[in-house]
Structure formats: structure tokens, C-alpha cells
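Encoded as C-alpha cells, the structure appears first; notes follow it.
Number of protein chains: 2
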Amino acid sequence: MSSPSDLTARARIRDSALKLFAERGIDRATVRDIALDAGVSSGLLRHHFGSKEGLRDACDEFALGEITRIGSRFTTFQVLDRIDPGVRLLQRYLIQSMLEGSAAGNALFDRMIEYAEQWLATTDIKVADPRAFVAVLSAMKLSMFTMRDQLSRVLGEDVDEPSGWARMLQASVEIFSQPIVTPAQAEQVRNAFARLDSPTPEE
Amino acid sequence: MSSPSDLTARARIRDSALKLFAERGIDRATVRDIALDAGVSSGLLRHHFGSKEGLRDACDEFALGEITRIGSRFTTFQVLDRIDPGVRLLQRYLIQSMLEGSAAGNALFDRMIEYAEQWLATTDIKVADPRAFVAVLSAMKLSMFTMRDQLSRVLGEDVDEPSGWARMLQASVEIFSQPIVTPAQAEQVRNAFARLDSPTPEE
DNA sequence: ATCGCCGCTACACGAGCGTGTAGTAGCCTA
DNA sequence: TAGGCTACTACACGCTCGTGTAGCGGCGAT
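Protein sequence lines, in the order shown, are assigned to chains A and R. For the first sequence, counting from 1, position 170 maps to 170 in this note's numbering; every step adds exactly one. Each position in the second sequence, counted from 1, maps to that position plus 1000 in this note's numbering.
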């Protein structure tokens, strides 16, 4: 994930795999294309990683380690004016992993949940079901990445570019900094579920 | 999307395709498996739909039409105590389409945006960038579906079951019915972006 | 009656995939 | 200097995929 060509072949293969996995998804990224991108034969890929899944595992481990090392920008509201392309690639790879439920994806989502639970404890927000609260909240934060293409299309500009990125992030802040549904509406939902829980009073 | 076997072969193929596309994704659902599931030969599939992509288009059109006919539960906060399995399948299919950016997915997301813009106009919520606001808000609502597997895993129960569904939906209401970030934090983000926009005052 | 169309099946084709195998050049050790 | 290990390539295998083709039974129209 650093300089282009003065890396070991193994590292170059891993970087190419990470890139193509992130861009196309696991299935659509072929070992031949990965090898081509890394400038090696497909046999060498097999030599170093055993199989496509072995390569995938190596990517998982690497991506998880890098994102940990870099810090948890992923999980915070921290404002990023300019995201490093390498980090963006890691993000996309891990988003793919989360959507698909791989080990690395699960681990990262768990970490986000844990982090969010700690954050929740520092606030004075009162919730009935903290676990569900942080889980859904985390999923919502991630949606800005999972729905990246749709958001870019609807906004008319790439959300990876500084301008689109700013619009998206500021929108999320506006959403989270004020009540979107009224207390009356919330009450209504609560009542609806309460009515479902209790056996119908009569009929 | 109605009874199992007293349908025309064409309709059965379409239903099976919708199911397998939704469950496995477009690529992983093969024409042979779809034909098998529908109880016909793979040649008949080709006879009726021309190609896999033709079948896909038919599914798009059907799913979009059905979801329109049924109503826009998709786009509202309406509480659903028990979701019809057929509707759930449609949802999953369309979610896949949105994640992948197909024509039907784009159309549905556009419709959600439009609907959300109308809704926003009826409220007294003040936002700087309405387009971005409703886009991100819509993405966040969808995240409860795109992250379905992760949410189920973290909650320890299937969010498609009534119990998990209720927890998830109530959590989303709690999130949207109160400020999550403080005014100070929101201000901080605004300032950070304002500082980026203006050429650095000195130095 | 027969002709043609429609719903439908069986089977083959070619491409692309992950994987397996054989072999080579170079370096490190004994 | 001989042996062996490591990095690496070329090429073939077998499978699965979407697609193509040939043909068959039944039914409605002439």
C-alpha cells in the first residue's frame, strides 16, 4: 500500500488483489487479472498464497491491520478533508467484506459496535436497547460508504471528491444533530409495538 | 409471486429468478439453478427471456411494478408487524439492485429521494442542502436492509423475525427522534469545512 | 388433413475460471 | 563444486458458465 514497484512481488500481488477485490468484488476479480495487475504470473500468486481464498485471507489480515494502525477514522465523525487513496481502498475492501459477511468484515463491524458502545456511555443519551441502538447507528454511518455510488449519482458529483464528500458529511451531521421524527411520531411507533406485544385485549 | 405451481412456466421462472437473484446476487445465481428451481429446462428460460440479462430486465420490471402496486412501505417509517415473505423478497432483490447500480435500483432510489423531498417540505426542518440531506437520510434508512446480516449477527436474532425487526425499527426511531451529536459538535464540523473552503487566512 | 407456430427438452459449443504440474534460473549452504 | 531450496514461468486440466442448435408434441387455422 506504499510505493508502486519497489516492493516484493508478494506485497505487490496483495496490493493488486486488495485493489481489484475492492473495485469489482471478490468473484469478479480473477486471479489472472490480479497477477496481470501486479506484473507477475498467475502461478506465482498461487505459489505465495496457495489459493484465491488464501490470498483473500492475506488481504483480510492486512486490511484489518492497516486500518487499526492508521486509526479508527472509520468509526468516528472526524472530518477528513482529504482522504488518502490507499485508505479509501482499504475502506472499500472492508465495506465489501462487511456486506458479504466475511471474517474480516464481521470483526470490523464488531469493533465498530464496541467503539460505539463506549461512546454511548460517555453521552447522556437514554435508550431502551443500547445494543440495537449502536448497531443500527453504526449501520447508518456505514451507509454513506455502501451507498456511495447512488449518493454520487443523486448528488451529481463524486462523494469521493472533496466537494461531494463535504456535502455528504455535513448532511449526516444535520441529520444527527436534530430530531427527524417528532415525539408524537415516535410515541406512535412505540404504541404500535406495545400493542403487538400484549395479547390483543379483546376481539 | 403468488401460489407455487399453478402459474405459467414463464411466471415461475421469473419468480425463481427473483428469489435466487435476491438470495445469491446476480452473478452467483446461474440460469441452470433458476431453471431447476422453476422445474423447467434451462432452454425454456432462454426461449422466454432471450438471455440472462433479459431475465434480469423482466425481474426488474416486475419487482418495480409490484413494489409500486403494493405501496411505498419501503420509503416510510410505517410499522410492519409482519412482512409478507414475497414482499421481503422484492425488497432484497431491489436492495441488491441498488447496491449494484442497475437501472431498476437507480429508479427506485430516485423515487425514494423524490418521496423524501416531498416529505421534507411538509416538515419545518431547516437544512442547508436539502438534496444531500434526503439522499443521505434515504441511504441511512436503507442501511437497515443492506446491513441486515451484520445486524442480525450483532443482535443475536434475525431482524426478519418479528422480535428482531421490532428492536431494529425502534432503535431507528430512537436515533431519529433525538439529537445524536451536540450543537457544539455540529458547529465544530461546520467550522472545519468553512475553514477548508476559504483560502487559508494567513501563513 | 396438414401446415405452422408455440412451449418445451436435450445436448453440444466455446469461453473463462481456479487449480495442478513441470520446469528453469539464481542463490545459499556444505 | 555439488546439492537443494526459493522465486518464478509456461502450459495444461477440468469444471461451470451463458449461449447456440436441433428437434419433438400439441393445438389452432386453413
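Note that the Cβ used here is the ideal one computed from N, Cα and C, for glycine as well. Owing to the predicted nature of the structure, the values given are computational and were not obtained by experimental measurement.
Compare the C-alpha of Ala38 of chain A against each of A:Gly50, A:Phe176 and A:Leu7 and name the closest.
-> A:Leu7
Pick helix, strand or coil for Pro1183 of chain R, following the three-state DSSP scheme.
-> helix
Extent of the continuous alpha helix (DSSP H) to which Ala1029 of chain R belongs = That residue, Ala1029 of chain R, is in no alpha helix (DSSP H); it is neither H nor E in DSSP.
Considering only residues of the same chain and omitting the five flanking positions on each side of Tyr1093 of chain R, which have a CB-CB separation below 8 angstroms?
-> Beyond the five residues adjoining it in sequence on each side, Tyr1093 of chain R comes within less than 8 angstroms, by CB distance, of Leu1018, Phe1021, Ala1022, Cys1059 and Ala1063 in the same chain, given in chain order.
Could you give the distance in angstroms between the alpha-carbon of Gln1096 of chain R and the alpha-carbon of Gly1025 of chain R?
-> 7 angstroms
Quick one: using the 10 Å Cβ neighbour count with 16 as the cut-off for buried, is Gln1118 of chain R buried or exposed?
-> exposed
Are Met140 of chain A and Met1168 of chain R close, meaning C-beta to C-beta below 9 angstroms?
-> Taking 9 angstroms as the Cβ cut-off, Met140 of chain A and Met1168 of chain R do not qualify as a contacting pair.
Tell me, please, whether the CB atom of Phe1021 of chain R is closer than 9 angstroms to any CB atom in chain A?
-> no
Cβ-Cβ separation, Ala171 of chain A to Phe1133 of chain R (assumed contact under 8 angstroms), whole Å | 5 angstroms
Per-residue DSSP class, three states only, for Thr1008 of chain R = coil
8 angstroms Cβ shell around Arg88 of chain A - same chain, five flanking residues per side excluded | Within the same chain, Arg88 of chain A has close Cβ partners Asp160.
Can you tell me the Cα-Cα spacing of Ala35 of chain A and Ala9 of chain A, whole angstroms?
-> 10 angstroms
Residue range of the alpha helix (DSSP H) that Lys126 of chain A falls in?
-> That residue, Lys126 of chain A, is in no alpha helix (DSSP H); it is neither H nor E in DSSP.
Whose C-beta lies closer than 7 angstroms to the C-beta of Ser1016 of chain R among residues of the same chain, with five residues either side of it excluded?
-> Ile1034, Asp1037 and Ala1038
DSSP three-state call for Asp1015 of chain R: helix, strand or coil?
-> helix
Contact set between Arg1032 of chain R and chain A, taken where Cβ atoms lie within less than 7 angstroms | None at all; the shortest Cβ gap to chain A is about 17 angstroms.
If we cut at 9 angstroms on Cβ distances, does Pro85 of chain A have a partner in chain R?
-> Using a Cβ-Cβ cut-off of 9 angstroms, Pro85 of chain A does not count as an interface residue toward chain R, since no Cβ of chain R sits closer than that to its own.
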